[in-house]
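Chains as they are written, first to last, in our numbering: chain A, 1277 to 1419; chain B, 1277 to 1419; chain C, 1277 to 1419; chain D, 1277 to 1419; chain E, 1277 to 1419; chain F, 1277 to 1419.
Every residue gets a Cβ at the ideal spot worked out from N, C-alpha and C, and that includes glycine.
6 protein chains.
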Amino acid sequence: MCGGVTVSGTGKAGARSEPIEYAEASAEVRAVYDDIMATRKTDWINNYWKVLAHHPPTLRRMWANATEVMGPGALDPLTKELIYMAVSVTNGCKYCIASHGAAARNKGMTPEQHAELVAIIGLANETNRHAVALDLQIDEQFL
Amino acid sequence: MCGGVTVSGTGKAGARSEPIEYAEASAEVRAVYDDIMATRKTDWINNYWKVLAHHPPTLRRMWANATEVMGPGALDPLTKELIYMAVSVTNGCKYCIASHGAAARNKGMTPEQHAELVAIIGLANETNRHAVALDLQIDEQFL
Amino acid sequence: MCGGVTVSGTGKAGARSEPIEYAEASAEVRAVYDDIMATRKTDWINNYWKVLAHHPPTLRRMWANATEVMGPGALDPLTKELIYMAVSVTNGCKYCIASHGAAARNKGMTPEQHAELVAIIGLANETNRHAVALDLQIDEQFL
Amino acid sequence: MCGGVTVSGTGKAGARSEPIEYAEASAEVRAVYDDIMATRKTDWINNYWKVLAHHPPTLRRMWANATEVMGPGALDPLTKELIYMAVSVTNGCKYCIASHGAAARNKGMTPEQHAELVAIIGLANETNRHAVALDLQIDEQFL
Amino acid sequence: MCGGVTVSGTGKAGARSEPIEYAEASAEVRAVYDDIMATRKTDWINNYWKVLAHHPPTLRRMWANATEVMGPGALDPLTKELIYMAVSVTNGCKYCIASHGAAARNKGMTPEQHAELVAIIGLANETNRHAVALDLQIDEQFL
Amino acid sequence: MCGGVTVSGTGKAGARSEPIEYAEASAEVRAVYDDIMATRKTDWINNYWKVLAHHPPTLRRMWANATEVMGPGALDPLTKELIYMAVSVTNGCKYCIASHGAAARNKGMTPEQHAELVAIIGLANETNRHAVALDLQIDEQFL
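Below, the structure is given as structure tokens:
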């Protein structure tokens, strides 16, 4: 108990935590799960949310962030997923690559688009290091 | 001289190298510069290429890579730049953020799209670390 | 204009944006600025918020996140700043090192504590690579 | 043999090396193992040290570093582990997260503290990228 | 089909793709495979190429890059592999560490050299963060 | 004062610290400076050491690490510097690129070797992301 927050769990805070299933979830957690499923028009929840659920304020906060940032806006939904993938691949996050790869495919990413995405990510990681290694001065045309 | 390759320069290989301007460039380098300007329909060359020019084989190779990867394909030109930006921001490459930010604006990126890009990059970098910290198991639905 | 959001600015979305000062800020932005100054018991706002202000929804969202995550909880305020510093140094973010370094000093970080922080960050970055290079198997005692 | 150093092993230098158990260890390696167990008041050694033991000078050197950096000082032992975790999560080192997560729990990290640690690590990784993407100028108040 | 490129595959673009074996490969892909085997004087192809083969232009392009960059030049073949390893360990790429570790051993890397490589990678990752944390000014002697 | 350690400085622990010059250094610090200059056969000290000097135990410890890791061994001095550069470029550490670039040139790195180093660093950063994006399975020949 701290600051009014209840953390469920096994005391093994640093090891892999079990996902909290709907049946065992508190009302607070279920409310977020319900919103996730309604928003996504689906009947299941992926592990990211079910593990965050051990700390309900973080579950709530992150769902609010995800809805706002990944929701409708000036960039189309597939482009948003491709940007997410670019970051996740650069950071080497396997879970995020799997989950956002699935999301991108659901939003229409074709194998050809995926191949181009991977090629661009690779190229950018390469030229980023060229620019750093050579200590390039930013052209005034870019300022 | 090595392997048939001439490297121009000052011997200060690790420090910032001066860009090689068109007027002082070899025929081999000028051929690439000409192709860059023709392809981009512009009359100037940015520092990335002018510094790579100290090692002509790398200049040629990287220009060929850039043309192939960033050229017409299954992803539209602006989306390609946004992916490039996502990688460059994640890696903290100031030169690349400046140059590809300019390219993205030239291809129509609006301030609103830029703001969403930055928000997604931030969110992905955040959730990538949540996924790693919590050692999330990949849902079978994503496999 | 997109999704009801107004982005102020110059059209130079990828280049350095000018901070938005209180005097020129919209009512929506001023409301966040007021809350920042009240919460921090100070009369100035640092550039992070003044530049985020070009996209008010992000300004509001990030201030809400920062207040919740960095506010009172199970970890004391100085420890929170040291964790923030550890991430920022590992990522090489100069702005964040400067701003959270200042915050840490305001919360009592001594030069000796700072020196130990830097030493731990360095050591962890070193042993992280040893672990990866040697493909260490996780001891069952840690599971 | 090189520079007076004997490297035990199978010749498979880049692949996963077997941990060297106490029974098979040289006197030089046993001396470090003994010190690790005495310092930690435990009767086992984790794989990091048992794999480093293939190169005794590195084993000795890293144990000396770890003792000095992670030993008693101006920061309390739990805070030191949290800083270590922040780096290891940011770098995505699974072994280090597991081992230092266990160490943190041994030193009293509660599930609530762990949840806050993860939240801060995520937030810092997010804002680090905002700062870079927006090319924030460091406020003079931070200098 | 896009831009004249055929992408083979299962439509599961983001999930692990099956390697394309020689027997099932197109003539275009076989031509690259043949060149890889001839250049390396071997009769097998590793998964990197067999998975890139789903997008033949990328397969061709990357093999051309690898041959040019890793081929004979001013640095000897083993040194080139050690540099590759240093990057791969720093980025935490397990596949690359395994494949280039094998390549380095084939080119004569001894266990002692491997141990020194790992030690240098660790030390550089450590001091890189010291330099950033302390915001070191570059000595004029280095300019 | 903590644990017998004196930290000199201004109380601005997170901001850029002034280098400590020989004339103002304590006997403990001077002893390390003397050893650095004797080992390197030079009469000046670079900023890394002069800033670490604010925390003498870290100065002593890091100098001992550097001497052991970068000193004579199974890898030649120039190769060691190239590995250091590969890490520093990948991490984007400008100070380290400048200082180890200078060291590499002092140890004979030619402009051609530098160009190849930069090309390999770029390529490895590129293929690292391909391997991660495609979730490559490690070939059994590499195990």
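> Taking the runs of the alpha helix (DSSP H) that are 4 residues or longer, which of them lie wholly in the region 1335-1365 of chain B?
Replying inline: none
> So, does the CB of A/T1315 fall closer than 8 Å to a CB anywhere in chain B?
Replying inline: Residue numbering aside, residue 1315 of chain A sits at position 39 when the first sequence is read from its first letter. Chain B, which has no Cβ nearer than 8 Å to the Cβ of A/T1315, makes this no.
> On the premise that F/V1327 lies in contact with E/L1412, defined as a C-beta separation below 8 Å, what is that separation, rounded to the nearest angstrom?
Replying inline: Stepping through the fifth sequence from its first residue, residue 1412 of chain E is reached at position 136. Stepping through the sixth sequence from its first residue, residue 1327 of chain F is reached at position 51. Yes, E/L1412 and F/V1327 are in contact; Cβ-Cβ is about 6 Å, under 8 Å.
> So which residues on chain F does C/Q1368 lean against when the C-beta distance must stay under 8 Å?
Replying inline: Within the third sequence, numbered from 1, the residue matching residue 1368 of chain C stands at position 92. The sequence as given places Gly at residue 1368 of chain C; Gln does not occur at that position. By Cβ distance, chain F contributes N1367, G1368 and C1369.
> Taking Cβ to Cβ, would you say C/H1331 is nearer than 8 Å to C/I1296?
Replying inline: Locating residue 1331 of chain C in the third sequence gives position 55, counting from the first residue. Locating residue 1296 of chain C in the third sequence gives position 20, counting from the first residue. Contact: no.
> Hey, how far is the Cα of B/E1300 from the Cα of D/E1357?
Replying inline: Counted from its first residue, the second sequence places residue 1300 of chain B at position 24. Counted from its first residue, the fourth sequence places residue 1357 of chain D at position 81. Taking the straight line from one Cα to the other gives about 56 Å.
> Does B/E1300 come within less than 8 Å of chain A when only Cβ atoms are used?
Replying inline: Reading the second sequence from its first residue, position 24 is the one you call residue 1300 of chain B. Not closer than 8 Å to any Cβ of chain A, the Cβ of B/E1300 fails to qualify, so no.
> With a Cβ-Cβ cutoff of 8 Å, do C/V1345 and D/L1399 count as a contact?
Replying inline: Locating residue 1345 of chain C in the third sequence gives position 69, where the first residue counts as 1. Locating residue 1399 of chain D in the fourth sequence gives position 123, where the first residue counts as 1. For C/V1345 and D/L1399, yes; Cβs fall inside 8 Å.
> Under 7 Å Cβ-Cβ, which residues of chain E neighbour A/A1395?
Replying inline: Translated into the one-based positions of the first sequence, residue 1395 of chain A becomes position 119. Ordered by position in chain E, the residues that pass the 7 Å Cβ test against A/A1395 are T1334.
> Taking one C-beta from the region 1403-1418 of chain E and one from the region 1366-1376 of chain F each time, how about it: are there three or more such pairs within less than 8 Å?
Replying inline: yes
>> Helix, strand or coil, according to DSSP, for E/I1373 in the structure here?
In response: Working through the fifth sequence from its first residue, we reach residue 1373 of chain E at position 97. Note: E/I1373 maps to helix in three-state DSSP.
> Below 8 Å between beta carbons: does that hold for A/A1362 and A/I1414?
Replying inline: On the first sequence, residue 1362 of chain A is found 86 positions in, with the first residue counted as 1. On the first sequence, residue 1414 of chain A is found 138 positions in, with the first residue counted as 1. Cβ atoms of A/A1362 and A/I1414: not closer than 8 Å.
> Which residues of chain A have a Cβ atom closer than 7 Å to the Cβ of F/R1405, listed in chain order?
Replying inline: Reading the sixth sequence from its first residue, position 129 is the one you call residue 1405 of chain F. Neighbours of F/R1405 on chain A, chain order: V1365, T1366, I1397, G1398 and N1401.
>> Less than 8 Å between CB atoms is the rule here; does B/L1412 satisfy it with respect to chain D?
In response: For the purposes of this step, residue 1412 of chain B is identified with residue 136 of the second sequence, where counting begins at 1. No - not a single Cβ of chain D is within 8 Å of the one on B/L1412.
> Leaving out the 5 sequence neighbours to the left and right, which residues in its chain are closer than 8 Å to E/H1376 when beta-carbon positions are compared?
Replying inline: Position 100 of the fifth sequence holds residue 1376 of chain E. So the qualifying residues of the chain are E1357, Y1360, M1361 and S1364.
> So is A/A1228 in contact with chain B if we call contact Cβ pairs under 8 Å?
Replying inline: One cannot answer for residue 1228 of chain A here, as it falls past the ends of chain A, which runs 1277 to 1419.
>> Please report whether the beta-carbon of A/A1409 lies at a distance below 8 Å from any beta-carbon of chain E.
In response: The residue you call residue 1409 of chain A lines up with position 133 of the first sequence. Chain E, which has no Cβ nearer than 8 Å to the Cβ of A/A1409, makes this no.
>> According to DSSP, simplified to helix, strand and coil, what is D/D1310?
In response: Here residue 1310 of chain D is taken as the residue at index 34 of the fourth sequence, counted from 1. DSSP places D/D1310 in helix when its eight states are reduced to three.
> How would you label E/A1374, buried or exposed, when you count the other beta carbons within 10 angstroms and need 16 or more for buried?
Replying inline: Residue 1374 of chain E sits at position 98 when you count from the first residue of the fifth sequence. Counting Cβ neighbours within 10 Å, E/A1374 comes out buried, since at least 16 surround it.
>> Looking only at its chain, what residues have a beta carbon closer than 8 Å to the beta carbon of B/K1383, apart from the 5 residues adjacent to it on each side?
In response: Mapped onto the second sequence, residue 1383 of chain B falls at position 107. If we look at B/K1383 and ignore the five residues flanking it on each side, its Cβ neighbours are P1353, L1354 and E1357.
>> Can you give me the C-alpha to C-alpha distance between B/A1340 and E/A1340, rounded to a whole angstrom?
In response: One-based indexing of the second sequence puts residue 1340 of chain B at position 64. One-based indexing of the fifth sequence puts residue 1340 of chain E at position 64. Their backbone Cα atoms lie some 11 Å apart in a straight line.
>> Check this for me: beta carbons of A/Q1417 and B/W1325, under 8 Å apart or not?
In response: Locating residue 1417 of chain A in the first sequence gives position 141, where the first residue counts as 1. Locating residue 1325 of chain B in the second sequence gives position 49, where the first residue counts as 1. The answer is no: Cβ separation not under 8 Å.
> What residues from the region 1346-1359 of chain F come within 9 Å of chain B, judged by C-beta to C-beta, listed N to C?
Replying inline: none
>> Counting C-beta neighbours from all protein chains within 10 Å, is the total for B/E1304 16 or more, i.e. buried, or is it exposed?
In response: Your numbering for residue 1304 of chain B matches position 28 in the second sequence. By the 10 Å Cβ count, B/E1304 comes out exposed.
>> Can you give me the C-alpha to C-alpha distance between C/T1334 and E/R1306, rounded to a whole angstrom?
In response: Looking up residue 1334 of chain C in the third sequence gives position 58. Looking up residue 1306 of chain E in the fifth sequence gives position 30. Spanning the two alpha carbons is a distance of roughly 50 Å.
> C/E1304 touches chain A at which residues, Cβ-Cβ below 7 Å?
Replying inline: The residue labelled residue 1304 of chain C in the question sits at position 28 within the third sequence. None at all; the shortest Cβ gap to chain A is about 15 Å.
> Using a C-beta to C-beta distance shorter than 8 Å, which residues of chain E count as neighbours of B/E1344?
Replying inline: Taking the second sequence and counting its residues from 1, the one referred to as residue 1344 of chain B is at position 68. Simply P1333 and R1337.
>> To the nearest angstrom, how far is the alpha carbon of D/K1317 from that of C/C1372?
In response: Here residue 1317 of chain D corresponds to residue number 41 of the fourth sequence, with the count starting at 1. Here residue 1372 of chain C corresponds to residue number 96 of the third sequence, with the count starting at 1. Cα to Cα, the separation comes out at about 39 Å.
> chain D partners of C/A1380, CB-CB under 8 Å?
Replying inline: By one-based count along the third sequence, residue 1380 of chain C stands at place 104. Within chain D, no residue comes near C/A1380; the closest Cβ sits about 11 Å away, beyond 8 Å.
> Three-state secondary structure (DSSP) at B/T1386?
Replying inline: Start at 1 with the first residue of the second sequence, and residue 1386 of chain B comes out as number 110. Coil, per DSSP.
>> Quick check on DSSP: helix, strand or coil for E/G1398?
In response: As a first step, residue 1398 of chain E must be located in the fifth sequence, where it is residue number 122. The answer is helix: DSSP assigns E/G1398 an H, G or I state.
> Using the C-alpha atoms, what's the distance from A/L1351 back to B/Q1389?
Replying inline: Reading the second sequence from its first residue, position 113 is the one you call residue 1389 of chain B. Reading the first sequence from its first residue, position 75 is the one you call residue 1351 of chain A. Rounded to the nearest angstrom, the two C-alpha atoms are 6 Å apart.
> What is the rounded straight-line gap between the Cα of C/L1419 and the Cα of A/E1294?
Replying inline: Mapped onto the third sequence, residue 1419 of chain C falls at position 143. Mapped onto the first sequence, residue 1294 of chain A falls at position 18. If you take the alpha carbons of C/L1419 and A/E1294, they lie about 13 Å apart.
>> Short of 7 Å in beta carbon distance, which residues of its chain neighbour A/M1338, apart from the five on each side in sequence? Order them along the chain.
In response: For the purposes of this step, residue 1338 of chain A is taken as residue 62 along the first sequence, with counting starting at 1. Taken in chain order, the residues that qualify are L1328.
> If you draw a straight line from the C-alpha of C/V1308 to the C-alpha of E/A1380, how long is it?
Replying inline: Against the third sequence, residue 1308 of chain C aligns to sequence position 32. Against the fifth sequence, residue 1380 of chain E aligns to sequence position 104. One C-alpha to the other measures close to 56 Å.
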